[in-house]
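Sequence lines, in order, name chains A and B. Residue numbers in the first sequence follow this note's numbering, run continuously in steps of one, and reach 341 at the last position. Residue numbers in the second sequence follow this note's numbering, run continuously in steps of one, and reach 756 at the last position. Beta carbons are placed, not taken as given, at the ideal position from N, Cα and C, and that holds for glycine. Report on the structure given below.
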Amino acid sequence: MTESPAVTAAVTAAGPVTGTGRTGPQPAPDRRAAAGTGSGRRLLRAAGYLLRRPGLALSILLLLTVLVAAFFPTLLTSDNPLRGEVAERLRGPSADHWFGTDQLGRDLFTRMVHGAALSLQATVLAVAVGLASGAALGLVSGFFGGRTDAVIMRLVDLALAIPALLLALALITALGFGTVNVALAVGATSVAAFARVTRAEVLRVRTAVFVEAAVSCGARRDQVLLRHVLPHAWGPVLVLAALEFGTAVLAVSALSFLGFGAAPPTPEWGSLVSDGRTYLATAWWLTTMPGLTVVATVLAANRVARAFEGEQEKGR
Amino acid sequence: MTRYLVRRFLQALFVLWSAYTVCFAVLYLLPSDPVSLMVSAGSEQSMVDDAQVEALRAQYGLDRPVTVQYVDHLWHALRGDFGVSVQSGRDVTRVFLDVLPATLELAAAAFALALLLGLGLAYWGTYARRSWIRQTLLSIPPFWASLPTFWVGLMLVQLVSFRWGLLPATGNEGTRSLLLPAVTLALPTAAGIAQVFARSLRATETEHYITTAAAKGASPRRVHLRHSARNAALPALTLAGVWAGNLLAGSVVVETVFSRTGVGRTTATAVGTQDIPVVLGLVILSSLLFTVVNLAVDLTYPLLDPRILGSAATHPLKARAR
């Protein structure tokens, strides 16, 4: 289990998504501490690890920027995302306006930075919902087996048969519009995948000798489940959470593009693209820039998730 | 063979029924009221008093217990009657049948394109002679999968239609207007096909029949095409149902971007007006598509791989997972 501290830091940086996972007991903290003496050496090793992977370093940097934008937007821009100067309307990208200005003279970069808050919070909420309910279902399904398992897995198969976007749309129809509802709907579509992976891991861990030992020592079932099975089944589930992050960014922005997210004039990444559609022929930056930001975020998130996955497999 | 057929058919029916039930539960049990949505549509304040709302509820049968409504809806659905659109008052079946051809045309074009792109990318990405070509080709599908469909569509419109003036940006007329939407819709599916096909191509490399074929003097091309590709295509085939569903779902975004009439745009509008019967109809349509495609795959599978009947008619997907 040589999970690099750099990757741990990177994935924790990817958002509270995996942050929630970090509340679970760490697999082997003592061994890792033994690998590097002192924090200085560990930092050096992390720097070396990243230097050998410039793409990963860039991805982490980008994700950090996006996270800063989501939670402390005023650090990146001092402009007001809702107020524009009419004299400055529909200007292309320049030193003053990095992403250009829209039809009301509002700075697009400022709107993207402030839009990151809603878009990323929705993403984080979506992954958290999927992770929590999926992991719970998978845990119960894998640990108890029998009829419970059969029923849950049939439902999971069914959920996987309906395309995610359609399921999300059906849920939004029932729940209504708004960023939170979009997040819940997107989260619900990933429950099945999380349940399946967790169940597979639990089935693998359940037969381990230490679980048997815990049971024979007279530990209660819920104790065995939470104390002994869960910590060892976490890994692949967290990798899936990291991967789902990129998918959720895409899904949330698509639903926001379709107009089911926050009401205007509040900026969101997807709705910014959809606002720019009207000026597609004359002001290319209004659709290109927000879209590029989404693409860069998704690519960065996937890169970090892959690094995490690689380290996880190496640790096996 | 007959037992295999009957089993598959019953399973398909079961999937359809459970999809209907789950979706009904979501749409009718969650706290949303079609009638109050209907009367307040477009305006914040309701112009209708309580007595009229009650009358409407009775007219749509919404005052009955949920279980009674469920049985009633299911009975009608079995006979192809999916209720009436709350917004337009038209038959849901009619609403979809009118726009279905346009979407099928788009989806078929996109699927053909995705198949071509996906299989080609995976094949050359696995067997190209130079390693940098292989790496470049294999890094394309994950990149495609990271692009938001709506943005790809808009970028294509911006470049191809507005900047170069080559193809129309919107509309349903003719092949020329079909090209851009089809490319947009095809990319995520092509990425999926390429990833699955490349993985199963690699998996065949260690199989004994590949060694045998090579040992018997077959040329590398013949081994790749006749032996590896043919066997690797089977796992990809089992996912056809998933891809058909994804194409239908993707049409929601693509048809909105390109302002095409079709099932997707109808759905986007229906969700916007919270038209529950239409949305329920679409989910049924998509699970119908999924089951029909899967049934077709299941039925052709024994022809392509006779071993499947020998192993007590196991499901291809499960057989693969084992």
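Residue-level contact to chain A via CB, residue 521(B), 8 Å cutoff: no
Closest residue to residue 267(A) among 324(A), 235(A), 247(A) and 240(A) (Cα-Cα distance): 324(A)
Other residues of its chain near residue 217(A): CB distance less than 6 Å, five sequence neighbours each side excluded: 181, 184 and 185
Beta-carbon gap between residue 539(B) and residue 619(B) smaller than 8 Å: no
6 Å Cβ shell around residue 281(A) - same chain, five flanking residues per side excluded: 293, 295 and 296
CB contact below 8 Å: residue 278(A) versus chain B: yes
Alpha-carbon to alpha-carbon, residue 193(A) and residue 604(B): 26 Å
Chain-order list of residues whose beta-carbon lies under 6 Å from that of residue 386(B) (same chain, five-residue window excluded): Beyond the ends of chain B as shown, which are 435 and 756, falls residue 386(B); an answer cannot be given.
Sequence ranges, alpha helix (DSSP H) only - wholly within the segment 287-335 of chain A, length at least 4: 294-301
Chain-ordered neighbours of residue 198(A) on chain B, where CB pairs are closer than 7 Å: 461, 705, 708, 710 and 713
Cα-Cα separation between residue 758(B) and residue 617(B), rounded to whole angstroms: Look at the range of chain B in this structure, 435 to 756, and you will see that residue 758(B) is not part of it.
Simplified DSSP assignment, three categories, for residue 99(A): helix
Residue nearest to residue 535(B) in terms of C-alpha spacing, selected from 671(B), 607(B), 512(B) and 662(B): 607(B)
Any chain A beta carbon closer than 8 Å to residue 720(B): yes
Chain A residues whose Cβ lies nearer than 9 Å to that of residue 731(B): Under the 9 Å cutoff, chain A gives no residues; its nearest Cβ is about 13 Å from residue 731(B).
Contacting positions in the segment 314-338 of chain A - beta carbon closer than 7 Å to chain B: 316, 319, 320, 323, 324 and 327
For residue 182(A), the residue or residues it bridges with in DSSP: None, per the DSSP bridge assignment.
With 16 other Cβ atoms within 10 Å as the buried cut-off, status of residue 310(A): buried
Beta-carbon proximity list for residue 665(B), same chain, < 6 Å, skipping 5 on both sides: 638
C-beta neighbour in chain B for residue 133(A), strict 8 Å: no
Inter-stretch contact at 8 Å, needing at least 3 Cβ pairs: the segment 653-672 of chain B / the segment 160-178 of chain A: no
Residue nearest to residue 261(A) in terms of C-alpha spacing, selected from 290(A), 156(A), 244(A) and 243(A): 156(A)
Which of helix, strand or coil DSSP assigns to residue 337(A): helix
Interface flag, residue 793(B) vs chain A, CB-CB below 8 Å: With chain B represented from 435 up to 756, any question about residue 793(B) goes unanswered, as that position is not in the structure.
Range of the contiguous alpha helix (DSSP H) that encloses residue 639(B): Here residue 639(B) belongs to no alpha helix (DSSP H), and DSSP marks it neither H nor E.
Rounded separation between residue 738(B) and residue 493(B) - CA only: 53 Å
Residue 615(B) classed as buried or exposed, judged by whether at least 16 other C-beta atoms fall within 10 angstroms: buried
Touch test, the segment 134-143 of chain A against the segment 93-104 of chain A, Cβ-Cβ under 8 Å, three pairs minimum: yes
Residue 695(B) in three-state terms, based on DSSP: coil
Proximal residues to residue 338(A) (C-beta, below 8 Å), its chain only, five neighbours per side dropped: none
C-beta atoms of residue 720(B) and residue 675(B) nearer than 8 Å: no
Burial state of residue 214(A), where buried means 16 or more other Cβ atoms lie within 10 Å: buried
Reference residue 672(B); option with closest CA among 653(B), 651(B), 711(B) and 724(B): 724(B)
Within 7 Å of chain A by C-beta, residues of the segment 682-705 of chain B in sequence order: 682, 683, 686, 687, 690, 701, 702 and 705
Buried versus exposed, by CB contacts within 10 Å (16 or more), residue 250(A): buried
Proximal residues to residue 160(A) (C-beta, below 8 Å), its chain only, five neighbours per side dropped: 219, 220, 223 and 262
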